[in-house]
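Numbered per UniProt numbering, the sequence shown spans residues 1 to 180. Reviewing the structure listed below.
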Amino acid sequence: MSESVTEPLTGDVEVDETYVGGKPRYKGQNKPGGSDKQAVVVAVQRGGKVTAKPVANVTAKNLKQFIRDNVDKSARIITDEYRSYKGIGKEYDGGHETVCHSKKEYVRGDVYTNTIEGFFSSVKRGLNGIYHSVSKEHLHRYMAEFEFRYNYRDLDDGARTVAAIQAADGKRLLYKDPVK
């Protein structure tokens, strides 16, 4: 199921990155990710859809390119204080707002990243509870499933099933293809 958002996200768009899979590293230390974990960058439109993409490295170049590819120029970008997002607001009419998690700031008026944190929570619970382990080679497929679940969350089970079948129409995935 390849369920990526084709229309750019608009309005207030929260962008953040997370690390999934692998064994926990640097427990109790303030260090991002770890060599066993895969980075995923995500953008979520408040009240709308989500798009996610695994990235090899969380660099300013990769993050900004992901935002350019998935977010409309009229949007307002909302992120945490991660340095790699600096300067992105110049490209968007709505500008760029941040919350400073390191200073215990999580909400400032309508500036927050709680929507995207909720998506991360669903993804991580799902990966731990359903799949138990995640391979880097298939992470984009896992993320496509969670995108689909989130983007069609307002539909009942029947309508969601129809949407899944329509999204899979004409696509054939053989076991030998993903495990090359």
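Using N, Cα and C, we set each Cβ at its ideal position, and we do this for glycine too. For clarity, every value in this text was computed on a predicted model and none was experimentally measured.
**Study point:** Spatially closest choice to residue 86 from 74, 165, 103 and 67, by CA coordinates
**Key:** 67
Review point. What are the residues that DSSP puts in a beta bridge with residue 45?
Key: 13
Check your understanding: Between the beta-carbon of residue 113 and the beta-carbon of residue 161, is there less than 9 Å?
Key -> no
Practice item. Measure the C-alpha to C-alpha separation of residue 90 and residue 144 and round it to an integer number of angstroms. Key: 30 Å
Review point. Of all the options 13, 38 and 77, which has the alpha carbon lying nearest to the alpha carbon of residue 47?
Key: 13
Check your understanding: Which whole-angstrom value describes the C-beta separation of residue 148 and residue 159, a residue pair presumed to lie in contact below a C-beta threshold of 8 Å?
Key -> Contact doesn't hold; Cβ gap of about 13 Å is too wide.
Exercise for review: Would you give the residue range spanned by the beta strand (DSSP E) that residue 130 belongs to?
Suggested key: From DSSP, residue 130 is part of no beta strand (DSSP E); its letter is neither H nor E.
Check your understanding: By Cβ distance, which residues of its chain are closer than 8 Å to residue 17, with the 5 residues on each side in sequence left out?
Key -> 39, 40, 41, 42, 55, 58, 63 and 82
Review point. From residue 127 to residue 22, what distance separates their C-alpha atoms?
Key: 11 Å
Check your understanding: Does residue 149 have its Cβ less than 9 Å from a Cβ in chain B?
Key -> No chain B appears in this structure, which consists of one protein chain only.
Exercise for review: Could you tell me the distance, in whole angstroms, from the CA atom of residue 45 to the CA atom of residue 11?
Suggested key: 7 Å
Exercise for review: Specify the secondary structure class of residue 115 as computed by DSSP and reduced to three states.
Suggested key: helix
Point to revise | Start and end residues, beta strand (DSSP E) containing residue 78 | key: 76-80
Check your understanding: In angstroms, rounded to a whole number, what distance separates the CA positions of residue 53 and residue 7?
Key -> 15 Å
Practice item. Assign residue 73 to one of two classes, buried (16 or more other C-beta atoms within 10 Å of its C-beta) or exposed (fewer than that). Key: exposed
Check your understanding: Since residue 50 is in the beta strand (DSSP E), which residue starts that stretch and which ends it?
Key -> 50-55
Check your understanding: Comparing alpha-carbon positions, which option in 15, 151 and 36 lies nearest residue 135?
Key -> 36
Review point. Does the distance from the CB of residue 99 to the CB of residue 9 come in under 9 Å?
Key: no
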